[in-house]
Amino acid sequence: EDVVMGAGRGYLDKLSLILRLLRALRILYVMRLARHSLGLQTLGVTMQRSMREFGLLLLFVCVAVTLYSPLVHLAESELAPFAAINPHHRFSSIPASYWWAIISMTTVGYGDMVPRSIPGQMVALFSILSGILIMAFPATSIFHTFSRSYQELKQEYKRVWKQEQHEEAHQSEFTSEIKEENQIPNKTDPSRPPATAF
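Laid out in C-alpha cells, this is it:
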C-alpha cells in the first residue's frame, strides 16, 4: 500500500509541476498586447530585421570564449605556482573556464572565479576588452535598425489614424445628409400635388 501511495505521490508531483509550468506560460498572453503597443511592435520588427547581426554576435562570442577559456585554464592551472598547492581551485577544467569567459566577456563579472596569477589576469584583461568591443560592434547597427523601424511604424500609425478620422468624418457627413433628406420634404417634387389654400 505504501508503494502504491508513493507512486501516486510521484505522479501528482509531476502533474503539479506541469500545471505550475502551464500557469507560468500565461505570461505569453502579454505578447497579444504587442498589437496595441508601438514599442513592443518596434522591438519585434527590430529582432526580425537584425537576425544577421545577432548571428554574427553569437558567432564572435563563441569564437572568443573558445579562445579565452583554454588560455585562462592554462594560465591558472599550469603556469600558476599556487595551482599545485591548491588542487581545488576554480579553473580546474576548460569547460569550467567557459563559464568564466562568458561572464567576463559580457562584463557581468560575478566574481565566483577570479584569476590569481599574472598571466591569468592578462588573459582576463584581454577577454574583458574584446568582450566590450564584440558587444559594441553590432549594437550600432541594431540601434539604427530600431530607430528606422520605430519611425516607419510611427508613420504607419499616423497614416492609419488619419485614414480612420477621414472615414469617420465622411461617415458622419453621409449620415447627417440622410437624416436631413428624411426630415425635410422635397418641395420641388413634381409627383406631389400642389398644396391648395382654403
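Counting in UniProt numbering, the sequence shown runs from 1 upward without gaps.
Cβ atoms here follow ideal geometry from the backbone N, Cα and C, with glycine treated the same way.
Computed from a predicted structure; not experimentally measured.
* **Reference Ser130, options Arg35, Leu58, Ala64 and Leu38, closest by Cα** => Checking every option, the nearest Cα to that of Ser130 belongs to Ala64.
* **Neighbour-count burial assignment, Asp2, 16 or more Cβ in a 10 Å radius** => Residue placement at Asp2 cannot be trusted, given a pLDDT of 44 that sits under 50; the coordinates are not used to answer.
* Asked: Looking at C-alpha atoms only, which residue of Gln165, Ala24 and Ser77 is the closest neighbour of Ile94?
  -> By alpha-carbon distance to Ile94, the top candidate from Gln165, Ala24 and Ser77 is Ser77.
* Give the single residue among Ser117, Leu153, Leu57 and Leu71 whose Cα lies nearest to the Cα of Thr140. => Of Ser117, Leu153, Leu57 and Leu71, the residue nearest in Cα terms is Leu57.
* To do: Tell me whether Leu57 counts as near the ligand ZN, meaning its Cβ is closer than 7 Å to at least one heavy atom of that ligand.
  => The ligand ZN is absent from the structure shown, which contains no ligand whatsoever.
* Assign Ser50 to one of three DSSP states: helix, strand, or coil. => It is coil, neither helix nor strand.
* **Enclosing alpha helix (DSSP H) for Ala101 [first to last residue]** => It spans Ile94 to Met105 - the alpha helix (DSSP H) in which Ala101 sits, taken as one unbroken run.
* Mind checking whether Ile128 and Met113 have CB atoms under 8 Å apart? -> Not a contact, by the Cβ cut-off of 8 Å.
* To do: Return the CA-CA distance between Val4 and Ser16, expressed in angstroms with no decimal places.
  => Low per-residue confidence applies at Val4: pLDDT is 47, beneath 50, and the placement is therefore not dependable, though the value from the model is reported in the following sentence. CA-CA distance, Val4 to Ser16, rounds to 18 Å.
* Output the distance between the C-alpha atoms of residue 200 and Ala124, rounded to the nearest integer angstrom. => What is shown of the chain runs 1 to 198, which leaves residue 200 out entirely.
* To do: Go ahead and pull the three-state DSSP assignment for Met113.
  => When DSSP states are grouped into helix, strand and coil, Met113 belongs to the coil group.
* **Alpha-carbon to alpha-carbon, Lys162 and Phe198** => Bear in mind that the predicted position of Phe198 carries a pLDDT of just 49, short of 50, making it unreliable; the figure below should be weighed with that in mind. Between the alpha carbons of Phe198 and Lys162 lies a distance of about 56 Å.
* Asked: Exposed or buried, what is Leu71 when buried is set at 16 or more other beta-carbons lying within 10 Å of its beta-carbon?
  -> Burial call: buried.
* To do: Pick helix, strand or coil for Val108, following the three-state DSSP scheme.
  => Reduced to three states, the DSSP call for Val108 is coil.
* Under a three-way DSSP split, which group does Phe60 fall into? -> Residue state, collapsed to three classes: helix.
* Quick one: Cα of Leu25 to Cα of His170, how far? -> Note on geometry: alpha-carbon atoms of Leu25 and His170 lie some 44 Å from one another.
* 8 Å Cβ cutoff met for Leu153 and Gln41 -> A contact, by the Cβ cut-off of 8 Å.
* To do: Ignore the nearest five residues each way along the sequence and tell me which others in Thr145's own chain have a CB closer than 6 Å to its CB.
  => Closer than 6 Å at the Cβ level, and outside the excluded window around Thr145, lie Thr46, Arg49 and Ser50.
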